[in-house]
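**Student:** Numbering (my numbering), first residue to last: 922 to 1025. We put the beta carbon where it would ideally sit given N, CA and C, even for glycine. First, the structure itself, so that you have it in front of you.
Spelled out as C-alpha coordinates, the structure:
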(Lines of atoms letter the chains of each structure in order from A and count residues from 1; the text may use other names and numbers.)
(Lines give C-alpha, C1' and ligand atoms only; values in the text may rest on other atoms or scores of the structure.)
Protein backbone atom coordinates (compact mmCIF):
# COMPACT_ATOMS: atom_id res chain seq x y z
CA UNK A 1 0.00 0.00 0.00
CA UNK A 2 1.33 3.43 -0.98
CA UNK A 3 0.74 6.66 0.93
CA UNK A 4 -0.36 9.96 -0.59
CA UNK A 5 2.49 12.35 0.22
CA UNK A 6 2.05 16.12 0.07
CA UNK A 7 4.93 17.84 -1.72
CA UNK A 8 5.91 21.46 -2.32
CA UNK A 9 7.82 23.37 -4.99
CA UNK A 10 11.01 22.60 -3.10
CA UNK A 11 10.45 18.84 -2.79
CA UNK A 12 8.63 17.93 -6.02
CA UNK A 13 11.70 17.34 -8.19
CA UNK A 14 13.38 15.42 -5.35
CA UNK A 15 10.61 12.82 -5.17
CA UNK A 16 10.50 12.13 -8.91
CA UNK A 17 12.52 9.04 -9.63
CA UNK A 18 12.39 7.69 -6.07
CA UNK A 19 10.01 5.00 -7.31
CA UNK A 20 9.54 3.21 -10.60
CA UNK A 21 6.36 5.21 -11.17
CA UNK A 22 5.16 8.45 -9.58
CA UNK A 23 1.53 9.51 -9.65
CA UNK A 24 1.32 13.27 -9.10
CA UNK A 25 -2.14 14.52 -8.16
CA UNK A 26 -2.51 18.26 -8.80
CA UNK A 27 -5.38 19.83 -6.89
CA UNK A 28 -6.80 23.22 -5.99
CA UNK A 29 -8.03 24.65 -2.73
CA UNK A 30 -11.15 26.12 -4.38
CA UNK A 31 -11.79 23.07 -6.59
CA UNK A 32 -15.17 21.37 -6.03
CA UNK A 33 -14.17 18.32 -8.12
CA UNK A 34 -10.91 17.74 -6.27
CA UNK A 35 -12.46 16.00 -3.23
CA UNK A 36 -13.92 13.27 -5.46
CA UNK A 37 -10.67 12.93 -7.38
CA UNK A 38 -8.68 12.64 -4.15
CA UNK A 39 -10.86 9.73 -2.99
CA UNK A 40 -10.05 7.94 -6.27
CA UNK A 41 -6.33 8.68 -5.84
CA UNK A 42 -6.39 7.40 -2.25
CA UNK A 43 -8.12 4.19 -3.32
CA UNK A 44 -5.58 3.62 -6.10
CA UNK A 45 -2.76 4.29 -3.62
CA UNK A 46 -4.20 1.71 -1.22
CA UNK A 47 -4.15 -0.91 -4.00
CA UNK A 48 -0.78 -0.05 -5.52
CA UNK A 49 2.50 -1.70 -4.71
CA UNK A 50 5.52 -0.07 -3.16
CA UNK A 51 7.00 0.59 -6.62
CA UNK A 52 4.45 3.41 -7.15
CA UNK A 53 4.78 6.72 -5.32
CA UNK A 54 1.70 8.94 -4.94
CA UNK A 55 2.19 12.67 -4.35
CA UNK A 56 -0.24 15.52 -3.89
CA UNK A 57 0.55 19.03 -5.18
CA UNK A 58 -1.52 22.08 -4.16
CA UNK A 59 -2.04 25.02 -6.53
CA UNK A 60 -1.61 27.68 -3.83
CA UNK A 61 1.40 26.11 -2.11
CA UNK A 62 3.25 24.99 -5.27
CA UNK A 63 2.66 27.46 -8.12
CA UNK A 64 6.13 26.93 -9.61
CA UNK A 65 5.52 23.18 -9.93
CA UNK A 66 2.16 23.82 -11.59
CA UNK A 67 3.89 26.10 -14.10
CA UNK A 68 6.88 23.84 -14.75
CA UNK A 69 4.62 20.82 -15.29
CA UNK A 70 2.17 22.76 -17.52
CA UNK A 71 -0.81 22.14 -15.24
CA UNK A 72 -3.53 24.55 -16.33
CA UNK A 73 -6.56 22.95 -14.70
CA UNK A 74 -7.43 20.89 -11.65
CA UNK A 75 -7.91 18.17 -10.74
CA UNK A 76 -5.20 16.62 -12.88
CA UNK A 77 -2.92 13.61 -12.59
CA UNK A 78 0.45 13.22 -14.26
CA UNK A 79 2.07 9.81 -14.19
CA UNK A 80 5.86 9.76 -14.39
CA UNK A 81 8.21 6.95 -15.32
CA UNK A 82 11.23 8.13 -13.38
CA UNK A 83 11.24 11.86 -14.16
CA UNK A 84 9.54 11.51 -17.54
CA UNK A 85 5.81 12.23 -17.78
CA UNK A 86 4.09 9.33 -19.58
CA UNK A 87 0.39 10.09 -19.02
CA UNK A 88 -1.77 13.08 -18.17
CA UNK A 89 -5.31 12.56 -16.85
CA UNK A 90 -8.06 15.10 -16.33
CA UNK A 91 -10.87 12.53 -16.21
CA UNK A 92 -9.67 10.77 -13.09
CA UNK A 93 -11.26 7.37 -12.57
CA UNK A 94 -10.01 4.31 -10.76
CA UNK A 95 -10.10 2.30 -13.98
CA UNK A 96 -7.91 4.75 -15.92
CA UNK A 97 -5.46 5.06 -13.03
CA UNK A 98 -5.18 1.28 -12.72
CA UNK A 99 -4.55 0.97 -16.45
CA UNK A 100 -2.05 3.82 -16.74
CA UNK A 101 -0.10 2.75 -13.65
CA UNK A 102 -0.01 -0.84 -14.87
CA UNK A 103 -2.13 -2.39 -12.12
CA UNK A 104 -4.31 -4.33 -14.60
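1. Just to confirm the assignment, what range does the alpha helix (DSSP H) spanning residue 1018 have?
2. From this set, 1019, 958, 976, which residue's C-alpha is nearest residue 945's C-alpha?
3. Since residue 925 contacts residue 962 with CB under 8 Å, what's their CB separation in whole angstroms?
4. Which whole runs of the alpha helix (DSSP H) in the region 932-984 are 4 residues long or more, in chain order?
5. Name, in chain order, the residues that DSSP records as bridge partners for residue 1000.
6. If we count the other Cβ atoms within 10 Å of its Cβ and call it buried at 16 or more, is residue 989 buried or exposed?
**Tutor:** According to the data block:
1. In the chain shown, residue 1018 corresponds to position 97, counting from 1. Residues 1015-1022.
2. Locating residue 945 in the chain shown gives position 24, counting from the first residue. Checked all of 1019, 958, 976; the closest Cα to residue 945 is 976.
3. Within the chain shown, numbered from 1, the residue matching residue 925 stands at position 4. Within the chain shown, numbered from 1, the residue matching residue 962 stands at position 41. 6 Å between Cβ atoms; contact.
4. 955-968
5. To locate residue 1000, count along the chain shown from 1; it is residue 79. Paired residues: 944, 1008.
6. Start at 1 with the first residue of the chain shown, and residue 989 comes out as number 68. That one is exposed.
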